[in-house]
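K.L.:
Written as structure tokens, this is what we have:
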């Protein structure tokens, strides 16, 4: 039977409408995705501070909203570490590790008891995923973001830090070698090399802490220079090659780069910030070659406060918590002073 032209046209139109409906329901363009929320930008009011040699440093004062106190009886490095936007801080007054974040110009606690029963001598770090800390027996524990804790390394170490960008970690303990390890299944799996040897002669006889930026390990503390104890920072590549040593009496560039001590070190993109606690001075060196940049007395920089704890933040920024030495051993009304430095 032959279809007449009007009937054919009607059938064709019906088919086209049906196809359009089908395409409109299931084959059209994807629904646009909602843009991912952007992390809030921290806006700080920086002021310019001129250092002793003329270099300009930016400094911002932050609010310690929840009265965090790091140091109770004695300055101990390794009190802060950062994973993403979360800052982990060893709180001496409560014996805990807390979680905190920067919001606007305030340091605010988000979890006051992320880890409980933490000794004041505990050394904090991370492996890029989990918090690492040493317990009372100098064993290393790992804590996931949900608070789940597990053994990470079961031999005595003073501290262990993750190697950024690698499933590796490095450890230090008194006069022993700085050792490099592989990480597998969420814990140390095997030793893979020595970064800084135990027989390091004039290097650090009494290390205080260790920092790693993914390319080098930086061991800092004190060493004997003749009969005098001085500060030093030793930089070694992860394959065990010495890059430079800062602070020794006979080191090139001793003046003005001499260190009486090295209590704490923050390694940023381009600089090493070194707190010399014996003479209460902040020194800045170029990370590339260890050359001296500038320095300033800590009490001039931090409103008369001089017991300094530092942590690299982003770029060439350093988060600093500072305790007034006159209040050491007491619980102040406002907690430690909080600053951000930027070079």
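Residue numbers (mature numbering (1 follows the signal peptide of the UniProt record, and there is no 0)): -27 to -1, 1 to 316.
Here a beta-carbon is modelled for each residue, glycine too, at the ideal position from N, C-alpha and C.
1) Could you work out which residue in 92, 265, 313 is closest to residue 28 when comparing CA atoms only?
2) Roughly how many angstroms separate the alpha carbons of residue 253 and residue 138, rounded to a whole number?
3) So, helix, strand or coil for residue 273, using DSSP?
4) Who are residue 54's beta bridge partners in DSSP?
5) Which value, in whole angstroms, describes the spacing of the CA atoms of residue 66 and residue 87?
6) For residue 34, which beta-bridge partners are listed by DSSP?
7) Could you have a look at residue 282 and say whether DSSP puts it in helix, strand or coil?
8) When the distance is taken between beta carbons, is residue 60 closer than 8 Å to residue 73?
9) In whole angstroms, give me the CA-to-CA distance for residue 140 and residue 157.
10) I think residue 203 touches residue 220, with their Cβ atoms under 8 Å apart; what is that distance to the nearest whole Å?
11) What separation, rounded to the nearest whole angstrom, lies between the Cα atoms of residue 57 and residue 101?
12) Can you tell me the Cα-Cα spacing of residue 292 and residue 256, whole angstroms?
13) Using CA coordinates, which residue listed in 90, 118, 50, 110 is at the minimum distance from residue 83?
14) Who are the near neighbours of residue 128 in its chain, counting only those whose CB is closer than 8 Å to its CB and skipping five residues on each side?
15) May I ask you to report which of helix, strand or coil DSSP gives residue 296?
16) What residues are listed by DSSP as bridge partners for residue 256?
17) What does the Cβ neighbour count give for residue 201, buried or exposed, with the cut at 16 atoms within 10 Å?
18) If you run the structure through DSSP and keep just helix, strand and coil, what is residue 26?
19) Exposed or buried, which one is residue 109 when buried takes at least 16 other CB atoms within 10 Å?
20) Measure the beta-carbon distance from residue 168 to residue 209 and round it to whole angstroms, keeping in mind my assumption that it falls under 8 Å.
21) Would a C-beta distance cut-off of 8 Å place residue 54 and residue 98 closer than the cut-off?
22) Keeping to the same chain, check which residues put their C-beta closer than 8 Å to that of residue -1; ignore five residues upstream and five downstream.
23) Measure the Cβ-Cβ separation of residue 185 and residue 130 and say whether it is below 8 Å.
24) Buried or exposed: residue 124, going by 16 or more other Cβ atoms within 10 Å of its Cβ?
25) As a quick exercise: from 248, 316, 171, pick the residue whose alpha carbon is nearest that of residue 289.
26) Inspect the beta-carbon positions of residue 50 and residue 181 and report whether they are closer than 8 Å.
27) From this set, 76, 250, 216, which residue's C-alpha is nearest residue 188's C-alpha?
28) Evaluate residue 165 with the Cβ neighbour count: other Cβ atoms within 10 Å of its Cβ, from every protein chain shown; 16 or more gives buried, anything less gives exposed.
29) Strictly by DSSP, which residues pair up with residue 84?
30) Do the CB positions of residue 152 and residue 126 come within less than 8 Å of each other?
31) Please state whether DSSP places residue -1 in a helix, a strand or coil.
32) Note down, in chain order, each residue of its chain lying with its Cβ closer than 7 Å to the Cβ of residue 103, except the 5 sequence neighbours on either side.
33) Going by DSSP, what residue range makes up the beta strand (DSSP E) through residue 166?
34) Please say whether residue 39 and residue 94 have beta carbons closer to each other than 8 Å?
35) Alpha carbons only, please: which of 25, 205, 89 is nearest the one belonging to residue 178?
P.N.:
Let me spell this out:
1) Position 55 of the chain shown, counted from the first residue, corresponds to residue 28. Among 92, 265, 313, the Cα nearest to that of residue 28 belongs to 265.
2) What you label residue 253 is simply residue 280 of the chain shown in a count that begins at 1. What you label residue 138 is simply residue 165 of the chain shown in a count that begins at 1. If I take the Cα positions, the gap works out to 34 Å.
3) Along the chain shown, one-based indexing puts residue 273 at 300. In the structure shown, residue 273 sits in a helix (DSSP, three-state: H, G or I).
4) The count along the chain shown starts at 1 and reaches residue 54 at position 81. Residue 54 pairs with 61.
5) Here residue 66 refers to the residue found at position 93 when the chain shown is read from its first residue. Here residue 87 refers to the residue found at position 114 when the chain shown is read from its first residue. Those two C-alpha atoms are separated by around 14 Å.
6) Position 61 of the chain shown, counted from the first residue, corresponds to residue 34. Answer is 312, bridged to residue 34.
7) In the chain shown, the residue the question calls residue 282 occupies position 309. Three-state DSSP puts residue 282 in a strand.
8) The residue labelled residue 73 in the question sits at position 100 within the chain shown. The residue labelled residue 60 in the question sits at position 87 within the chain shown. With respect to the 8 Å criterion, residue 73 and residue 60 are classified as neighbours on the basis of their beta carbons.
9) In the chain shown, counting from the first residue as 1, residue 140 sits at position 167. In the chain shown, counting from the first residue as 1, residue 157 sits at position 184. Distance between the alpha carbons of residue 140 and residue 157 is about 7 Å.
10) Counting from one through the chain shown, the residue named residue 203 turns up at place 230. Counting from one through the chain shown, the residue named residue 220 turns up at place 247. Sure, about 6 Å apart at Cβ, within 8 Å.
11) As a position in the chain shown, residue 57 is number 84, starting the count at 1. As a position in the chain shown, residue 101 is number 128, starting the count at 1. If I take the Cα positions, the gap works out to 8 Å.
12) Within the chain shown, the letter at position 319 stands for residue 292. Within the chain shown, the letter at position 283 stands for residue 256. Distance between the alpha carbons of residue 292 and residue 256 is about 15 Å.
13) Mapped onto the chain shown, residue 83 falls at position 110. The option with the nearest alpha carbon to residue 83 is 118.
14) Counting from 1 along the chain shown, the entry for residue 128 is found at position 155. If we look at residue 128 and ignore the five residues flanking it on each side, its Cβ neighbours are 112.
15) Residue 296 sits at position 323 when you count from the first residue of the chain shown. Reduced to three states, the DSSP call for residue 296 is strand.
16) The count along the chain shown starts at 1 and reaches residue 256 at position 283. Looking at the DSSP assignment, residue 256 forms a beta bridge with 247, 268.
17) Working through the chain shown from its first residue, we reach residue 201 at position 228. Exposed, since its Cβ has fewer than 16 Cβ neighbours within 10 Å.
18) As a first step, residue 26 is located in the chain shown; it is residue number 53 there, counting from the start. Coil, per DSSP.
19) To locate residue 109, count along the chain shown from 1; it is residue 136. Classification of residue 109: exposed, given that the 10 Å Cβ count is below 16.
20) Translated into the one-based positions of the chain shown, residue 168 becomes position 195. Translated into the one-based positions of the chain shown, residue 209 becomes position 236. With 8 Å as the limit, residue 168 and residue 209 qualify as a contact, their Cβ atoms being about 5 Å apart.
21) For this step, residue 54 is matched to residue 81 along the chain shown. For this step, residue 98 is matched to residue 125 along the chain shown. Yes. Within cutoff.
22) Indexing the chain shown from 1 puts residue -1 at position 27. Note that residue -1 scores 45 on pLDDT, short of 50, meaning its location in the model is unreliable; the coordinates nonetheless yield the value given after this. Counting only Cβ-Cβ distances below 8 Å, and skipping sequence neighbours, we find nothing.
23) The residue given as residue 185 occupies position 212 in the chain shown. The residue given as residue 130 occupies position 157 in the chain shown. Here residue 185 is not near residue 130, since their CB atoms are 8 Å or more apart.
24) Numbered from 1 along the chain shown, position 151 holds the residue referred to as residue 124. Of the residues assessed, residue 124 falls on the exposed side of the cut-off, its CB having fewer than 16 other CB atoms within 10 angstroms.
25) Locating residue 289 in the chain shown gives position 316, where the first residue counts as 1. Nearest of 248, 316, 171 to residue 289, Cα basis: 316.
26) By 1-based counting over the chain shown, the position of residue 50 is 77. By 1-based counting over the chain shown, the position of residue 181 is 208. In this structure, residue 181 lies closer than 8 Å to residue 50 by Cβ.
27) As a first step, residue 188 is located in the chain shown; it is residue number 215 there, counting from the start. Among 76, 250, 216, the Cα nearest to that of residue 188 belongs to 216.
28) In the chain shown, residue 165 corresponds to position 192, counting from 1. Under this definition residue 165 is an exposed residue.
29) Here the question's residue 84 lines up with position 111 in the chain shown. Beta-bridge pairing links residue 84 to 72.
30) Sequence index remark: in the chain shown, residue 152 carries index 179 (1-based). Sequence index remark: in the chain shown, residue 126 carries index 153 (1-based). Contact: no.
31) Within the chain shown, residue -1 is the residue found at index 27, counting from 1. Residue placement at residue -1 is flagged as unreliable, the pLDDT there being 45, under the threshold of 50; the coordinate-derived value follows with that caveat. Helix, per DSSP.
32) Numbered from its first residue, the chain shown carries residue 103 at position 130. In chain order, 115, 116, 117 place their CB closer than 7 Å to the CB of residue 103, counting only its own chain and leaving out the 5 sequence neighbours on each side.
33) Here residue 166 refers to the residue found at position 193 of the chain shown. Looking at the DSSP string, the run of the beta strand (DSSP E) that includes residue 166 is 160 to 169.
34) Walking along the chain shown from the start, residue 94 turns up at place 121. Walking along the chain shown from the start, residue 39 turns up at place 66. The answer is no: Cβ separation not under 8 Å.
35) One-based indexing of the chain shown puts residue 178 at position 205. With distances taken between Cα atoms, residue 178 lies closest to 205.
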